[in-house]
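Heads up: the sequence lines are chains A and B, in that order. The first sequence begins at 11 in our numbering and counts up one residue at a time. The second sequence begins at 3 in our numbering and counts up one residue at a time. Yeah, the Cβ is synthetic: ideal placement off N, Cα and C, and Gly gets one too. Bear in mind that the values here come from a model prediction, so they are computed numbers and not experimental data. To start, the structure itself, in structure tokens.
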Amino acid sequence: MILNSLAVDATAFTHRTGWAATPEGLCKGDVCIPAPGVDRGDGTLDVKVLQERLRMPLVHDEAHGLYALGPESGGQSLTTARAPELTLPQIDGSEFSLSSLRGCKIVMVAWASW
Amino acid sequence: MALDINPEHARPWITAAAPAHPSLIDTAHITDELFGFMNVPMCVWIDEDGMIVRAAEVASIETYLRRDAPIPDDLPERIKEIMVEVKKLESKPDEYRAAIRDWVEHGCESAYALSPDEVIARSGGRPIEHSTAAAYFELGQHLFHTEGNDAAVPWWREAHRLYPENFTYKRQAWTLVTTPEGAEANDLLQGPNEVYAGNWLDDVRAIGGGDHYYPPLRL
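Structure representation (structure tokens):
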């Protein structure tokens, strides 16, 4: 997740990672991890707390004033079997959300031109 | 779902296929970290309730074109060496298509539809090196779009170093050097260039050969 500062919008963080700040801590699926101080009280989360509690690597590009927050580490690639919300563009530029196929079986194939 | 940082590189393939199903483009490779893709073609199955019933796995639904053909003697030596490794790639197309059909017919009763615990277990571990590689790769792709390829290269080199088994990170970066206009066909020579130390043949050999290119398929 690309950031310009060490505070991240809570909604955007949840949308991208599936982790939500709740009174129980940072939760995803059935997993909750205590994270005192993560909620900055202004709709943003403290990235340093996220880094420590979820073991998310934080890479800093000083030249461009950017940070990249990686996914949680130390466990399995999937924390939950519930499919993450995913919205991606189609070739005509329109956005498509995976959740619009709810009620259908999905076989999602990753391919590439290369 | 195409893992292509430049959507125009995917366009001719999608146009030629004219799919009736949705065809998405993941220019940031975010599905690598969300689903665990680390090569192509890979696949996840998601049921009607939005639950993943098979985690990311190699999805060989057709036999590789050159897999069963003899290697012509008149090919350049490097291509012949690549073909030796290609012939070792995991490929169970008949079994995989049959498994999909079984799931479509039997749903959660299918032996191929896994429980949530099995899905999580099969998704594989994510050490800090892989998470850091994801951060490096995403920073590189961001800089590719905002600053150009040269700005992305140092970060992508680090992603390759930290997660050498992830060939989406490698092949995406290599191809922006070897075929920056987009590949019109499989670029069998993919990789050898002055920007990156790695290339397909040497990196596949480094992980033990073509039979280690994909995680084993467990149907």
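On the criterion of 16 or more Cβ atoms from any shown chain inside 10 Å, does residue i qualify as buried, or is it exposed?
{"i": "residue 67(A)", "result": "buried"}
{"i": "residue 209(B)", "result": "exposed"}
{"i": "residue 180(B)", "result": "buried"}
{"i": "residue 26(A)", "result": "buried"}
{"i": "residue 32(A)", "result": "exposed"}
{"i": "residue 34(B)", "result": "buried"}
{"i": "residue 173(B)", "result": "buried"}
{"i": "residue 221(B)", "result": "exposed"}
{"i": "residue 80(B)", "result": "exposed"}
{"i": "residue 1(B)", "result": "Here chain B comprises residues numbered 3 to 221, so residue 1(B) is not present and cannot be evaluated."}
{"i": "residue 108(B)", "result": "exposed"}
{"i": "residue 59(B)", "result": "buried"}
{"i": "residue 144(B)", "result": "buried"}
{"i": "residue 170(B)", "result": "buried"}
For residue i and residue j, which I take to be in contact (beta-carbon distance under 8 Å), what is that distance rounded to the nearest angstrom?
{"i": "residue 99(B)", "j": "residue 48(B)", "result": "Not really, about 18 Å apart at Cβ, beyond 8 Å."}
{"i": "residue 203(B)", "j": "residue 83(B)", "result": "6 Å"}
{"i": "residue 98(A)", "j": "residue 7(B)", "result": "Not confirmed; about 13 Å, so no contact."}
{"i": "residue 11(B)", "j": "residue 184(B)", "result": "4 Å"}
{"i": "residue 176(B)", "j": "residue 123(A)", "result": "13 Å between Cβ atoms; not a contact."}
{"i": "residue 57(B)", "j": "residue 128(B)", "result": "Rounded, the Cβ-Cβ distance is 12 Å, inconsistent with contact."}
{"i": "residue 43(B)", "j": "residue 61(B)", "result": "5 Å"}
{"i": "residue 90(B)", "j": "residue 211(B)", "result": "6 Å"}
{"i": "residue 16(A)", "j": "residue 57(A)", "result": "4 Å"}
{"i": "residue 164(B)", "j": "residue 131(B)", "result": "5 Å"}
At 8 Å on the CB atoms, spell out the chain B contacts of residue i, in chain order.
{"i": "residue 106(A)", "result": "24 and 26"}
{"i": "residue 112(A)", "result": "50, 51 and 52"}
{"i": "residue 100(A)", "result": "24, 25, 26 and 27"}
{"i": "residue 71(A)", "result": "141, 145 and 157"}
{"i": "residue 84(A)", "result": "128, 129 and 130"}
{"i": "residue 15(A)", "result": "Within chain B, no residue comes near residue 15(A); the closest Cβ sits about 15 Å away, beyond 8 Å."}
Show which residues of chain A have a CB atom less than 7 Å away from the CB atom of residue i.
{"i": "residue 69(B)", "result": "Going along chain A, no residue has its Cβ under 7 Å from residue 69(B), so there is no contact; the nearest lies around 17 Å."}
{"i": "residue 15(B)", "result": "123"}
{"i": "residue 184(B)", "result": "123"}
{"i": "residue 61(B)", "result": "119"}
Along chain B, which residues have their Cβ under 9 Å away from the Cβ of residue i?
{"i": "residue 91(A)", "result": "53, 54, 55, 57, 116, 117, 118, 119, 120, 121, 122 and 125"}
{"i": "residue 109(A)", "result": "52"}
Closer than 7 Å by beta-carbon distance: list the chain B residues that pair up with residue i, in chain order.
{"i": "residue 80(A)", "result": "133, 134, 136 and 137"}
{"i": "residue 94(A)", "result": "36"}
{"i": "residue 67(A)", "result": "130, 133, 134 and 137"}
What in chain A is Cβ-close to residue i, meaning under 8 Å?
{"i": "residue 84(B)", "result": "Those do not exist, as residue 84(B) stays about 15 Å from chain A at its closest Cβ, beyond 8 Å."}
{"i": "residue 140(B)", "result": "11, 12, 78 and 80"}
{"i": "residue 154(B)", "result": "Neighbours of residue 154(B) on chain A: none; closest Cβ ~11 Å, over 8 Å."}
{"i": "residue 173(B)", "result": "122 and 124"}
{"i": "residue 6(B)", "result": "122, 123 and 124"}
{"i": "residue 42(B)", "result": "120, 121 and 122"}
{"i": "residue 11(B)", "result": "123 and 124"}
{"i": "residue 106(B)", "result": "115"}
In chain A, what lies closer than 9 Å to residue i by C-beta?
{"i": "residue 47(B)", "result": "115, 116, 117 and 118"}
Can you give, in chain order, each stretch of the alpha helix (DSSP H) that sits fully within the region 61–144 of chain B and has at least 4 residues? Within the region 61–144 of chain B, the complete alpha helix (DSSP H) runs of at least 4 residues fall at 79–88, 95–108 and 118–124.
Counting only runs of 3+ residues fully inside the region 55–92 of chain A, write out the beta strand (DSSP E) ranges in chain order. If we require 3 residues or more, the beta strand (DSSP E) runs fully inside the region 55–92 of chain A come out as 68–71 and 76–79.
The region 125–144 of chain B touching the region 66–85 of chain A, judged by at least three CB pairs closer than 8 Å: Yes, the region 125–144 of chain B is in contact with the region 66–85 of chain A.
Three Cβ pairs or more, each shorter than 8 Å: is that satisfied between the region 33–43 of chain A and the region 86–106 of chain A? Output reads yes: the region 86–106 of chain A touches the region 33–43 of chain A.
Inter-stretch contact at 8 Å, needing at least 3 Cβ pairs: the region 100–114 of chain A / the region 154–168 of chain B: The region 100–114 of chain A is not in contact with the region 154–168 of chain B.
Which runs of the alpha helix (DSSP H) at least 4 residues long sit entirely within the region 28–56 of chain B? Give them in chain order. For the region 28–56 of chain B, whole alpha helix (DSSP H) runs of length 4 or above, ordered along the chain, are 32–37.
Within the region 172–218 of chain B, note down every full alpha helix (DSSP H) run reaching 4 residues or more, in order along the chain. Secondary structure in the region 172–218 of chain B: the alpha helix (DSSP H) runs of 4 residues or longer, each lying completely within the stretch, are 202–208 in chain order.
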